[in-house]
Ligand code: ADP
Ligand code: ASP
Ligand code: MG
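Numbering (the numbering used here), first residue to last: 86 to 678.
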């Protein structure tokens, strides 16, 4: 059987007729080299933006179904032209829409998820010697309505087709020659990586690295598709997205910025199980992905619950929050739509402490205030004022010397990700209802840590850096950190440390509190940290909701939360650890592979 290659050309790579002909030649060449070729194409240039602008001229709130009808036309233009280009060069080709390829999605418009692909028609055309031009970004729902997969979704079409066709390779041709340590347009000193792991790329993409649609990496990881990101305008090799990272020696592999974020705080939420669940259920119902969740228990048993969402999602989020705040009898809510999120990502972080501290120090030295902090095993995110965002990104990129080659190549470390990939694809699919369903791998419990909370910490640059420098000076390795939004100039900081270090940590926290004019620190020994791991955890909007729902149902209150694409961790009262673990294992049993 001839190997199948899936290629994808982004908007700039097919922006005019000359570029379309150049892309057509690349497709033909791949076929001449002995492959069957499926070429996914995006809308030409800025067509999608132009169509959106057109719709906005007609109405502020175009119906989502009609938006999809409109946006899908962009890709239809490019596949038709590409097919003509290939014909004109003397080869056989056929263009196909999402529906013709049997790409069936759920019923969500503008952010649809792929449920299944019936590859038969594509295979038939390939077997007849044609190059298949696949319209990216679109599908069809069970009612035969046209759907789209979300901005940047052609990458996901490509990865999904590669998975469904068991392709030998998935080549993403774009206007950069690979994946860089951060957006090279923003930070010119960024370095092109030879290789990046699925998990790192997933986190970077969802943290703002727009070079790949994060959901495409979910597919690639789940179905073991190696992805090659490379330039449309040259033949140089680019970056391979595979199971193994480029290096584990270096704690951080890349940095990303999400410039247009919004922070929402629900104020005075009764501190009882279920309140957070109600809020996230209402938001999930609007298909909004919630990020950087921080809960801060205040006085009188009332908590402030803060989280961030994409700024475009703010109107929908506020509608949900409005309802939810009433339902849980919160005091009210506020928001800030002038914030940006800066994240650093790296698998090496798991084994090398001090990354958060270094990041906070670098930002403090530039006088940049951290409005919110959350950390997970392989990602640290901070929220800053939008004005400081660019400088913050450049600062962390420089602080971790990301412009330099990593010390060693991680070629030997292949076992790590491969172990997790030992399952066979058919088996995974059989357990999922849809190709793009959430994939859980494990639920684990860590009972080896304690929590320390500092309240009334001054909300100014440098405070986080000095706190974690002092803790580190005592030889204490901090695991999870969350810093809540400041209120009246004061913020709260919670972190976890190994149990044995609790007395030392608390003593340090006390002296810090005295110096900073903060309140007496509080602590909880032997808390339980529960971690659900999998793929695409953050972009599946319902996950946080389900987790909160199960724990609330059992009367278990959540102290700290962290969300990332590959892990969702919560810290709960130590007495409830085992119970919570058993519960989550049971509830997620049907989906854990
Ligand atoms: P396409 O139209 O081909 O899908 P995109 O515009 O979606 O292209 O993605 C390519 C762009 O992503 C680049 O031009 C670059 O500015 C941006 N980008 C953001 N982060 C990164 C990164 N870490 N590495 C490479 N490019 C990045
Ligand atoms: N044309 C769509 C967009 O601009 C999909 C894509 O380019 O990936 O978002
Ligand atoms: Mg893109």
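Every residue, glycine too, gets a C-beta built ideally from N, C-alpha and C.
Taking the alpha carbon of residue i as the point to measure from, which residue in the options has its own alpha carbon closest?
i           : options            : result
residue 532 : 660, 356, 387, 557 : 660
residue 526 : 416, 622, 171, 131 : 622
residue 109 : 97, 638, 544, 168  : 168
residue 620 : 580, 471, 285      : 285
residue 558 : 594, 567, 199, 483 : 594
residue 412 : 267, 180, 351, 399 : 351
residue 289 : 271, 267, 278      : 267
residue 584 : 609, 629, 602, 600 : 609
residue 312 : 280, 318, 332      : 280
residue 644 : 566, 631, 153      : 566
residue 663 : 397, 154, 641      : 641
residue 283 : 571, 264, 91       : 264
residue 225 : 90, 564, 153, 130  : 153
residue 94  : 120, 124, 102, 106 : 124
residue 606 : 484, 339, 564, 539 : 539
residue 647 : 304, 261, 461      : 461
residue 90  : 103, 96, 115       : 115
residue 653 : 215, 523, 541, 548 : 523
residue 333 : 293, 291, 430, 222 : 430
residue 255 : 188, 166, 325      : 325
residue 556 : 578, 535, 589, 534 : 589
In terms of DSSP beta bridges, what is residue i paired with?
i           : result
residue 241 : Residue 241 is not bridged to any residue.
residue 631 : DSSP, once it has assigned bridges, lists no residue as partnering residue 631.
residue 90  : 122, 254
residue 345 : For residue 345, which the question treats as bridged, DSSP gives no partner whatsoever.
residue 568 : 458, 578
residue 392 : 349
residue 178 : 216
Quick one: give me the first and last residue of the alpha helix (DSSP H) that residue i is part of.
i           : result
residue 591 : 587 to 601
residue 174 : Run containing residue 174: none; DSSP gives neither H nor E here.
residue 475 : 474 to 484
residue 133 : 132 to 143
residue 666 : 662 to 672
residue 300 : 299 to 307
residue 367 : 360 to 369
residue 562 : Where residue 562 is concerned, there is no enclosing alpha helix (DSSP H), given that its DSSP letter is neither H nor E.
Just the C-alpha distance for residue i and residue j, rounded to the nearest angstrom, thanks.
i           : j           : result
residue 669 : residue 656 : 14 Å
residue 269 : residue 357 : 46 Å
residue 244 : residue 122 : 14 Å
residue 309 : residue 651 : 16 Å
residue 150 : residue 228 : 12 Å
residue 341 : residue 478 : 7 Å
residue 296 : residue 414 : 42 Å
residue 545 : residue 372 : 34 Å
residue 118 : residue 87  : 10 Å
residue 395 : residue 349 : 11 Å
residue 208 : residue 126 : 18 Å
residue 560 : residue 586 : 9 Å
residue 537 : residue 399 : 32 Å
residue 598 : residue 591 : 10 Å
residue 401 : residue 362 : 17 Å
residue 390 : residue 345 : 20 Å
residue 75  : residue 139 : Residue 75 is absent from the structure shown; the chain starts at 86 and stops at 678.
residue 218 : residue 247 : 14 Å
residue 112 : residue 171 : 8 Å
residue 179 : residue 213 : 11 Å
Is residue i helix, strand or coil by DSSP?
i           : result
residue 249 : helix
residue 417 : strand
residue 280 : strand
residue 551 : helix
residue 340 : strand
residue 584 : helix
residue 380 : strand
residue 207 : helix
residue 287 : helix
residue 259 : strand
residue 224 : strand
residue 315 : strand
Could you spell out the range, first to last residue, of the beta strand (DSSP E) harbouring residue i?
i           : result
residue 610 : 607 to 620
residue 233 : 231 to 233
residue 525 : 524 to 543
residue 652 : 652 to 657
residue 220 : 216 to 220
residue 200 : 199 to 202
For chain D, check one thing: does any of its Cβ atoms lie closer than 8 Å to the Cβ of residue i?
i           : result
residue 441 : In summary, chain D is missing from the structure at hand, where a single protein chain is found.
Taking only heavy atoms of ligand 4 into account, decide whether any of them is closer than 7 Å to the Cβ of residue i.
i           : result
residue 237 : Only ligand 1, ligand 2 and ligand 3 can be found as ligands here, which leaves ligand 4 out of the picture.
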